[in-house]
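This report refers to the structure that appears directly beneath it.
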Amino acid sequence: MNLFRESLSATDDEDKSPSTARKKSPAPRKNRRRNKPLKVANQLSPKRRKEIEKAFERKSPSPKKWSRESGPKTHLFDRKRIKPGSIRKIDFNLLDVEIGDSWPIPITIIHGSRPGPVVTILGAVHGNELVGPLALTYLCGPNFIGPGEDIDPSMLSGTIRIIPIINLPGYRRQSRKFPDGRDLNRNFPGNSESNTTSRIANRIWESIIQTSDHIIDLHTAAPGRTNMPQIRANLAHPESNRMARSFGIETILDNEGPKGSLRRAANRSGIGCITYEGGGSNEADPESVQVAIYGVLNALRSLRMIPGYPNRPHFRILASGSVWIRSDQGGLLDILAPAGSFVDDGEVVATITDPERPGISHDVYSPSKGLLICTATHPFVTAGTPIGHLLPMKSGIKTLQKRLDEEGCLIISGSDGEPPWREDDDVEDISVEGEWSGGSPDAEWGQNEHPSPEEES
Ligand SMILES: [Zn+2]
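Counted the way the working numbering counts, the sequence shown spans residues 167 to 623.
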């Protein structure tokens, strides 16, 4: 079955545009076996695999409105009209009020001259997560949007909405949450008659989310930790599965997302949605920003909205579970293996010292061979504090080791310049079986002053 492939077989006219010729990507090899079954057998757990296969059996054709015959139409958003082949910057009010602050946020809408899907890309659902806002600000700039650039309205099929900072009140206060202390990403689809955050969630839901075909939500880790760039998606949701792969990076964590999260709510409404996680909050990790920009462009190319072929990683890790590395002592932490490190069974990943008992230190060992996808950045630990999040690996190790830098960290596709174009057949899938402890990838980080136990950052 042709489960997990983005459709790349057709070469439409737009793919032969001058803009494509500008790209470094070579043309696809013609003799590829395009219908070769995917290597499903070595992915995820057998139970999860069955769920994913079953979900793909319920196939729905792409809506008629995307077909060329339907012709270009004006895009309507928040009672504003955007003509085909044009760009419009709109202020969208988070609150529907006559007096008081309505919290307007900027939205850039690029409406293509050809029909196609509506893709919404969001940053700073959590106001202190700056990688999304930076990536999307750059993406709205002249290096990416305009005649002859990656996003050229005259070449675009469909509509792209870019929202660099959705939680503007939180961003201005450098806070994850809205001013009423609530987390927007736990309040979808929201309620127009409930608390402030829930009203905002509902307005976003009605005006922005439900009118989108695909959503890309850009995040970072919560305070006190940092994430290696990774995608989170429910792989049993076909559209989200395709988008997760199309982003073009190595690591995909398969889960539904916490209750009230945008991703979970969108999927339940049949809207494809993926979460990108890269770097930490309150910091502007340039590598995570770059990977996010390339990822978004890859996804748009996979959807055949913009010209060119998406870049592929050398391999993909599809993970349905992980292991937590915890401190057995209290004190101050010195991380030796940063996020993104490939570590050996028994390798020392951190040391802990206690200034109240000077001169003594304890080592923290990795319980197995694998990839550290997240590490603590806050040095203060007590016995039991998670200090790293590990994807244990039994297969694909040689493939992964070929992509490590001199410090043993995975070189994320897209982080070392424009990665070469690859076909999906060349991408090796590596399975990581297991279960998320506590039910979600971030559950074990615990409450502290930041996310609640079932948080996803
Ligand atoms: Zn977040």
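Even for Gly, the Cβ is constructed at its ideal location relative to N, Cα and C.
Note that this is a predicted model, so its numbers are computed, not measured.
Residue i, DSSP secondary structure in three states
i	result
E443	strand
M559	coil
R247	strand
T551	coil
N259	strand
G298	helix
R280	strand
N477	strand
W490	strand
D608	coil
P272	strand
D500	strand
Straight-line gap, residue i to residue j (C-alpha atoms, nearest Å)
i	j	result
I328	H385	15 Å
P330	P524	46 Å
G237	P281	6 Å
P212	I501	35 Å
R434	C306	30 Å
D244	L557	43 Å
E573	A410	28 Å
G289	L463	15 Å
E601	N393	19 Å
S373	R430	18 Å
I418	T274	28 Å
S581	W269	35 Å
S427	N448	21 Å
N259	Y460	29 Å
L210	S323	34 Å
T286	P424	20 Å
G499	I375	Checking the sequence, you will find Leu at residue 499 rather than Gly. Roughly 41 Å between the two C-alpha positions.
S488	A609	11 Å
In DSSP terms, what residue i is bridged to
i	result
S507	C575
D438	For the record, residue 438 in the displayed sequence is Gly; it is not Asp. BP columns for G438 point to H380.
Chain-order list of residues whose beta-carbon lies under 6 Å from that of residue i (same chain, five-residue window excluded)
i	result
I265	none
G356	S364, A367, N368 and W371
G512	Y531
V455	V297, L300 and A301
P345	P335
V284	T325, S378 and D379
Contact set for residue i: own chain, Cβ-Cβ below 7 Å, skip 5 residues either direction
i	result
P504	T541 and C575
R348	N361 and T363
I317	I276, F310, I311, I326 and I472
A465	I382, M409, S412 and F413
Contact set for residue i: own chain, Cβ-Cβ below 8 Å, skip 5 residues either direction
i	result
K246	R254 and I256
Would you mind listing the alpha helix (DSSP H) stretches within the region 319 to 373 that are 4+ residues and don't spill past its ends, in chain order? 334 to 338 and 362 to 370, all fully within the region 319 to 373.
Which runs of the alpha helix (DSSP H), 4 residues or longer, sit entirely within the region 374 to 431? Counting whole runs of 4 or more residues, the region 374 to 431 contains the alpha helix (DSSP H) stretches 404 to 412.
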